[in-house]
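*Asks:* To convert, count from 1 in the sequence shown and add 510; that's my numbering. Beta carbons are placed, not taken as given, at the ideal position from N, Cα and C, and that holds for glycine. Can you read through this structure? Questions will come right after.
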Amino acid sequence: MKQTLEEFLQTLSESSETAIEKLTQIINKIRPKSFKNNEESTANIEAMIHHLEAFPEFRETLSYECNEWLIHSKISSNITSLGILSKQGFREEMSSRLYNKFLPQAPKKGDFTSLFATLFPHTKDSLWVNGIDDALWAKFWSILLYNETLHVKTKTYLYHEIVYATEILAIWIAAEEFDEHYIRLDRSLLTKDSAFIALQREISSLSLTVQNEDPEAEMTKLDFQHIDVLITQCFDQVAFLRKQSLDKGILVSLTYNLERLEQIIQRAQKCVQLIQEFETDTFYATLLPLFKEVVEKNCSRNSLSDVLNQNIKILAKSIANNASEHGEHYIADTTKEYIGMFLSASGAGIIIALMALVKITMMQRGFSPIVETIFASLNYGFGFVLIHLLGFTVATKQPAMTASTFAKAVDRADTKRADQHKLAALFMQVSRSQFAAVVGNVTLALGVACLIGFIYAQNHIPILSKEELQYYTENFNPLPGLFYAAIAGIWLFTSGLIAGYYDNRASYLDLKSRYMHLPFLKKITSETVRAKIATYLHNNHGAIMGNFYFGILLGVTPFVGHMLELPLDIRHVAFSSANLGYIVAQGELPLHDFLIGLVFVLMIGLVNLSVSFALALKVSLKSRDADFGNFFSFAKLLFQEVIRKPLALFFPPKKVEEA
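Listed below in structure tokens is the structure:
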């Protein structure tokens, strides 16, 4: 038979359990069956409040025990640590969370981390806690915690602990003044006191003042205006350091420390607010959001993804930022730019036809799988690097760049939501640019491959044997082929991340200065020439490495599939078109089959572009905390735009319209 609340409280009042154990059972009664059911949790807490008021003796006993627990706990240390990233760093934090996930720490007496872990053990508890109105929580906690006997003692202790915690937080903030990573980003920290030091001095002065104040005094009379200004300046300094890191390079440890520093400043701001509003009506209004925040942090206390996402988000912004610097160069607005894109892609098509020939020749040598893989990877890698060095364009390398341009359009909005009309217009621009690049790649790769094949045939040297001809013809089977094209799309996206990483690395290491002072270059070049070389290598470090590793990934994938006995391979639009050209040169492919093969090549290109673009856009949006909005509403707007201007999807308009 189900126990009523009245019976539950009666049993609890007669129990010899500790205050925390009783409190845990009360919270369990409030917790809804479904964590997202706010109506049930609200009804539960209202019923609990009503019945607690009917048990004054139990309430008095429980509140006395809770106050005793509070007085003997170290509130200040909990305020300064609870919900704030550990100082031990990203790797150690990940390791610690992993350990605690499977072998949790034993509860510590007077520790709020253990208290919240006991009261709210479920990872989704924050959902229903946040769903309950602050006014109800205020009433609930006032019933449980207010005790006539210990009220003044608890209040005084709490007040001085908040003051002490604020001073500790200010010291931590000031300690960042001479962090070598921050000085690298902002040299002015060496020449003047930063907002960090100024805040610590002001809070230290405040601490001396308020320690002698009676908590009953009207604390709002204290002048907190200067402290508020300094806290704002601290936030501005962190934002400036973060912005500088995008240009000067960023490390995972630095992103972690910046995130932690910002959390400490936020906690100090809340503590100052609590001191200012102590024993006022707004004090509890400030305390309750802090309670909900701590519950939320508690729910993710052992979450590996939570720490990982915090670091990936900022690092992704750095990568996306480096990519977006080049994104506009991949969007053709005018006829001149469109033709330039086509010609640039055509040049790449010629190189790709030669790369495909080199691969065919290597496979004919009968090397072992591992040697063949090494040669194929180097062929791809050096080939893509050569294309970049010559200033040519591989169509499928566009998405990682253009996706960042999309994300920037979203990021400019104050609401962090996309203006989908602008995005639809931008999509049209990107689409026709990529169309020009794909056509340039395919046309020249196919044409040059046919020409080379015919030259070989005229000399009675067939490029492909009958077995090879059958193998390459079977590669145009749509079912596995499009899956392999998606794998290539993933590697395209990955190469974009690699390029961003190395661009970031170049900025962090200041490669330009290193090249300028390289003894070898000093001996053989003048300062002007050396400056040009240093600038070029610095600016193209990411692109060169991204292209090289993209080639390695393409070359290694079939070997990995062979070793694991899995159907793994790659299909790239440009190489597929070159292979089609070599098949045509054999003179054994009917026109009907050629047209089907050409359609399949274009389908491969569509999959390459779609997969890489979707992944790159997702990372770019995540790095900016931006929301793309409803996909179907965007698709509707895009469809309307295509119906209105169908040719604009493939060709630039005569007059560029304002997007």
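Could you give the first and the last residue of the continuous alpha helix (DSSP H) run that contains Pro1068?
*Replies:* Boundaries of the alpha helix (DSSP H) around Pro1068: His1051 to Leu1074.
*Asks:* Taking Cβ to Cβ, would you say Tyr1092 is nearer than 9 angstroms to Leu867?
*Replies:* yes
*Asks:* Quick one: measure Cβ to Cβ for Asn577 and Leu522, integer angstroms, because I've assumed they're closer than 8 angstroms.
*Replies:* Rounded, the Cβ-Cβ distance is 18 angstroms, inconsistent with contact.
*Asks:* For the candidate residues Thr883, Val1070, Lys532 and Ile862, whose alpha-carbon lies nearest to that of Phe894?
*Replies:* Ile862
*Asks:* Determine the closest residue to Phe1160 out of Leu1119, Ser941, Glu978 and Leu1105, with distance taken between C-alpha atoms.
*Replies:* Ser941
*Asks:* Let me confirm a value: Lys869 is counted as buried when at least 16 other C-beta atoms fall within 10 Å, else exposed. Which label applies?
*Replies:* buried
*Asks:* Can you give, in chain order, each stretch of the beta strand (DSSP E) that sits fully within the region 640-724 and has at least 3 residues?
*Replies:* none
*Asks:* In chain order, what residues of the same chain have a beta carbon less than 7 angstroms from the beta carbon of Lys802, not counting five sequence neighbours either side?
*Replies:* Val639 and Asn640
*Asks:* Just confirm the distance between the C-beta atoms of Thr796 and Glu789, as a whole number of angstroms; I'd bet it's less than 8 angstroms.
*Replies:* Thr796 to Glu789, Cβ: 12 angstroms. No contact.
*Asks:* With a Cβ-Cβ cutoff of 9 angstroms, do Ile683 and Ile775 count as a contact?
*Replies:* yes
*Asks:* What are the boundary residues of the alpha helix (DSSP H) that includes Arg1154?
*Replies:* Phe1141 to Arg1154
*Asks:* To which residues of the same chain is Lys539 closer than 8 angstroms at the C-beta, ignoring the five residues directly before and after it?
*Replies:* If we look at Lys539 and ignore the five residues flanking it on each side, its Cβ neighbours are Leu515, Phe518, Asn554 and Met558.
*Asks:* Between Asp643, Val720, Thr844 and Gly859, which lies nearest to Tyr794 when the distance is taken from Cα to Cα?
*Replies:* Of the candidates Asp643, Val720, Thr844 and Gly859, the one whose C-alpha sits nearest the C-alpha of Tyr794 is Asp643.
*Asks:* In whole angstroms, give me the CA-to-CA distance for Ala1095 and Ile971.
*Replies:* When rounded, the distance between both Cα atoms is 11 angstroms.
*Asks:* Taking C-beta to C-beta, are Gly999 and Ser878 nearer than 9 angstroms?
*Replies:* no
*Asks:* Under a three-way DSSP split, which group does Leu522 fall into?
*Replies:* In this structure, Leu522 counts as helix in the three-state DSSP scheme.
*Asks:* In angstroms with no decimal places, state the Cα-to-Cα distance between Ser704 and Cys781.
*Replies:* So the alpha carbons of these two residues sit roughly 21 angstroms apart.
*Asks:* Assuming contact is defined by CB atoms lying nearer than 9 angstroms, are Ile589 and Glu671 in contact in what I supplied?
*Replies:* Yes, these two residues count as a Cβ contact at 9 angstroms.
*Asks:* By the DSSP assignment, the alpha helix (DSSP H) with Gly991 in it spans what residues?
*Replies:* Pro988 to Leu1019
*Asks:* Within a Cβ cutoff of 7 angstroms, which residues of the same chain sit near Ala727, ignoring the five residues on either side of it in sequence?
*Replies:* With a pLDDT of only 48 at Ala727, under the threshold of 50, the placement of this residue in the model should not be trusted; the figure read from the coordinates follows. So the list is empty, once near-sequence residues are dropped.
*Asks:* Quick one: residues in its chain with C-beta nearer than 8 angstroms to the C-beta of Asn889, no 5 flanking neighbours on either side, listed in chain order?
*Replies:* Met865, Val868, Lys869, Met872, Gly1061 and Gly1065
*Asks:* By Cβ distance below 6 angstroms, which residues in the same chain neighbour Ser583 in space, the five residues on each side in sequence not counted?
*Replies:* Gly620
*Asks:* Could you give the residue range of the alpha helix (DSSP H) that holds Thr590?
*Replies:* Counting along the chain, Thr590 sits inside the alpha helix (DSSP H) bounded by residues Ile585 to Ser591.
*Asks:* Roughly how many whole angstroms lie between the Cα atoms of Leu751 and Thr628?
*Replies:* 38 angstroms
*Asks:* Report yes if the C-beta distance between Gly950 and Ala858 is below 9 angstroms; otherwise report no.
*Replies:* Going by C-beta atoms, Gly950 is nearer than 9 angstroms to Ala858.
*Asks:* Look at the alpha carbon of Ala708 and the alpha carbon of Asn767, and state the distance between them as a whole number of angstroms.
*Replies:* In this structure, the CA atom of Ala708 is about 20 angstroms from the CA atom of Asn767.
*Asks:* Rounded to the nearest angstrom, how far is the Cβ of Tyr1059 from that of Ile1114, given a contact under 8 angstroms?
*Replies:* That belief does not hold up - the Cβ atoms of Tyr1059 and Ile1114 are roughly 21 angstroms apart, past 8 angstroms.
*Asks:* How far does the alpha helix (DSSP H) with Ser551 in it extend, from its first residue to its last?
*Replies:* Ser551 -> alpha helix (DSSP H) spans Asn548 to Glu563.
*Asks:* Specify, as a first and last residue, the run of the alpha helix (DSSP H) that Ala627 falls within.
*Replies:* Phe622 to Leu629
*Asks:* Could you check what DSSP says for Arg777 in three-state terms: helix, strand or coil?
*Replies:* The DSSP-derived three-state label of Arg777 is helix.
*Asks:* Return yes when the C-beta of Ile760 is under 8 angstroms from any heavy atom of the ligand ZN, and no when it is not.
*Replies:* Of the ligands one can find in the structure shown there are none, so the ligand ZN has no counterpart to examine.
*Asks:* Helix, strand or coil: how does DSSP classify Leu900 here?
*Replies:* coil
*Asks:* Could you give the distance in angstroms between the alpha-carbon of Leu668 and the alpha-carbon of Trp579?
*Replies:* Leu668 and Trp579: Cα-Cα distance of roughly 12 angstroms.
*Asks:* Among residues of its own chain, excluding the 5 on either side of Arg1015, which ones have a beta-carbon nearer than 7 angstroms to its beta-carbon?
*Replies:* Gly759
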